[in-house]
């Protein structure tokens, strides 16, 4: 078989025809009657003489003449024979009819024709032998000599030797032929995992139901023996749409359900869509399966059908998307498949379609397919739109065309790599449909090699040596980028830049930043290298490894410590009404004072200690660490008695029950201290120049009540016991403050300060009172030490507690919106992840995990650089909206239902990696699809933003949720990582949420 100049396929046979007549037969085209079919029959000649006969045919293309010779003598000449002389390229069969032995022939029938005699020698020449040469060949053969050389000799074989597995070519061309053996003992290849392709099972469903069950039971029983991960049905599940056939098919296929093997049904041209979807309904064989990805009918048309579907399988370190496109998928279905392939460049794609290619290796053409002359998509259009365009398409399979052998072809994918397509349909081998054939694909994880075996379960045999072969599958290559793990103690930290994650696809890029720690600098030998090659810093200080084709190890060299003098701070002593001999002192390099002076005060005062404020504040000792120049203040305790002394800055009065002292502080405030002689309670009232006041009441039992009243009338009270533990905190927002906040959009700062406890049980409850007329109001709760994990918690009326996911951080506290009076706690809910220290998104990760928007991948890891799926984002946003996402038939069901009900997503492709533009679109829809005015034209790849995502990406850029990555690009189709989503959600809370 070969192609001639007209582009048609030519099939040639030299055979002993009816009544022993020599026949030369050739046909152009694949099936049916064809006017180009020609047959030269040498009439009146009968080769059945029970004696050796030498037969020779020649064809002279210059005269279009065929000649036939018997025993060296010309017996017939036929003119006007216009065909290109070819030798079968697929198989040269000696002793059998190669046009379709054991399967469908070119005229639509079935045959099993074999030569009933003996063949001693065969020679094939590319030149036209003359009468003299043919006569000389006959003479030589009579003496037992075979011509093994000469111009134009292609091959020569002698079959007179005892039967052997290989018959050597006697010419110099080494075209050896093998003994023809159909059935071989099973000897399956060994590998890391395997997949099974099931060819058309229509006749098993119709007439051989037990064999069908035996086939799938063999697969289930051998799941562990061959690590079978997937079963790909190639369509025509039944022959006719009758209940008994569909029941038989469903019963057999369902034997795989509890095996742990992923599989999906495929509709062929014999499978009516209605029957197909009735017996393999969407809700049982699609949406409830962990490996199911989606279907065109559901995702695009809104129909719960599986005519064209895809699914995913993880095998070892590889991920596969398997498309079961069915029979003659529409152009719109191919567009749907293309979008999924495009958005999953890291997944290995296997294309399966019922009608994809012919047994001669050409793509199926609907116009030449009698079963479907008007098929919407032929094999070539499927390949051109999906396989030829995308580098992650690695294998293609088809059925429909019955042929005993596995036919193959090779095409270039989007990366220019060879991809094998295989026709797999075993109908009619040896006149039987009861063989239960299957193709076993065995994958080697350390290479791209896949071993193929063509096996009959009923025979327990492999069919033909040529159907046991090895192909190369160009799997998607991913490469790891290993960054230095040194901490700032080594003088620098390295973190992946926004938009970069390891592993990286082949020829991809990876950007990262190198941050020099305080106290270090770039030395003369400073260099940043990847696999030993020096990288050049970009304008924004990033480094990028481009066109990655191997694992990368990043190293940083030449960072050295900066020699600096020890830093000290000047501490000024303010005697606060007293006197001190030493007015200032310097700290040591650790920020501590070696000693503190003792001041004196005239009158009945004793020195209480040094503090950070003239009244209140924190006590200072020699263990206090300073990090800046500071003034500290002496504080005094009045010891009783009356005095008429006055320094001009203080005064005192005394009555029978109390003593009152008033002092003017250096900052202009006035502090009045009243001591109740009966109870021992000391009350200090400080009036500040801005109109605010602070009242500190200290009881004899050690209870301290501090009440602050801001200038706007908002009050805050903190009560502590003798041990310094907070026992009560309350604050009342004034009407004036609430009104002003409503105008400006700013938060009302509560005049209290609380610590961020590790748990809500240990956190003090802040009772916040809001004027009823105010409605909602934003408040800021000051916190002693703010961390990225600091978060507000609302205590509900029934005592239950809820983290306020939208609470955001300021330099001094946490801001949240209250819908009326409430009880609030502040906790440090940071998680301890081992893989986020020093990561560029560390603070954002702490922010979102503290708010429990989404969790780590384990108790100790977050896996910041792994890609997010659409299901994960739908679940995160549902939780953000207050939905309980626990439960459901699959883990993401509740989140997906919420997303569909609220117009955030249509729920399609839940397990697909989410792109940056898809992420932006879901957030934009969740925010009510706000109108935006900005644009993204300043980015180099603005034109790559999909039409549906244009407004969403403009909004995300305008609101600061998404910024560019390397080379001033948005990478809209780039997959979003967990770290990137954490950052965007934090920015969303800070910039968008009101």
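Residue numbers (our numbering): 36 to 1029. C-beta atoms are modelled at their ideal positions from N, C-alpha and C, and glycine is treated no differently.
Status (buried if at least 16 other CB within 10 Å, exposed otherwise) for residue i
| i | result |
| --- | --- |
| residue 867 | exposed |
| residue 93 | buried |
| residue 462 | buried |
| residue 1028 | exposed |
| residue 70 | Its pLDDT being 44, under 50, residue 70 is placed unreliably in this model, and the value from its coordinates should be taken loosely. Exposed. |
| residue 207 | exposed |
| residue 87 | exposed |
| residue 1016 | buried |
| residue 553 | exposed |
| residue 955 | buried |
| residue 840 | buried |
| residue 947 | buried |
| residue 778 | exposed |
Inter-residue CB distance, residue i and residue j (contact presumed, cutoff 8 Å)
| i | j | result |
| --- | --- | --- |
| residue 764 | residue 787 | 6 Å |
| residue 812 | residue 768 | 6 Å |
| residue 323 | residue 924 | 5 Å |
| residue 806 | residue 773 | 5 Å |
| residue 159 | residue 111 | Going by Cβ atoms, the distance from residue 159 to residue 111 rounds to 20 Å, so no, they are not a contact pair. |
| residue 433 | residue 388 | 5 Å |
| residue 242 | residue 468 | 7 Å |
| residue 641 | residue 674 | 6 Å |
| residue 328 | residue 356 | 7 Å |
| residue 1020 | residue 888 | 6 Å |
Simplified DSSP state of residue i, which is helix, strand or coil
| i | result |
| --- | --- |
| residue 73 | strand |
| residue 951 | helix |
| residue 726 | coil |
| residue 450 | coil |
| residue 483 | coil |
| residue 166 | helix |
| residue 218 | strand |
| residue 641 | strand |
| residue 1043 | Not covered by the structure: residue 1043. The range shown for the chain is 36 to 1029. |
| residue 1036 | Residue 1036 lies beyond the residue range present for the chain, which begins at 36 and ends at 1029; the question has no answer from this structure. |
| residue 578 | strand |
| residue 279 | helix |
| residue 808 | helix |
| residue 195 | coil |
| residue 588 | strand |
| residue 1034 | Given a span of 36 to 1029 for the chain in the structure shown, any question on residue 1034 remains unanswerable. |
| residue 962 | coil |
| residue 297 | strand |
| residue 909 | helix |
| residue 1044 | The displayed coordinates of the chain run from 36 to 1029. Any statement about residue 1044 would go beyond what the structure contains. |
Beta-bridge partners of residue i, as assigned by DSSP
| i | result |
| --- | --- |
| residue 568 | 565 |
| residue 347 | 356 |
| residue 103 | 92, 111 |
| residue 474 | 232, 489 |
| residue 848 | 817 |
| residue 156 | 193 |
| residue 398 | 392 |
| residue 327 | 346 |
| residue 433 | 388, 458 |
| residue 957 | Paired residue(s): none; residue 957 is not in a bridge. |
Reference residue i, options the options, closest by Cα
| i | options | result |
| --- | --- | --- |
| residue 1037 | 930, 86, 626, 428 | No information on residue 1037 is available, as it lies outside the stretch 36 to 1029 that the chain covers here. |
| residue 880 | 526, 601, 747, 1012 | 1012 |
| residue 969 | 278, 986, 107, 947 | 986 |
| residue 694 | 744, 984, 707 | 707 |
| residue 490 | 929, 219, 91, 185 | 219 |
| residue 444 | 771, 457, 790, 566 | 457 |
| residue 667 | 511, 628, 245 | 628 |
| residue 940 | 919, 913, 804, 280 | 913 |
| residue 270 | 546, 246, 239 | 239 |
| residue 500 | 512, 486, 508 | 486 |
Any non-hydrogen atom of the ligand MN closer than 7 Å to residue i Cβ
| i | result |
| --- | --- |
| residue 75 | No copy of the ligand MN occurs in the structure displayed, which carries no ligand at all. |
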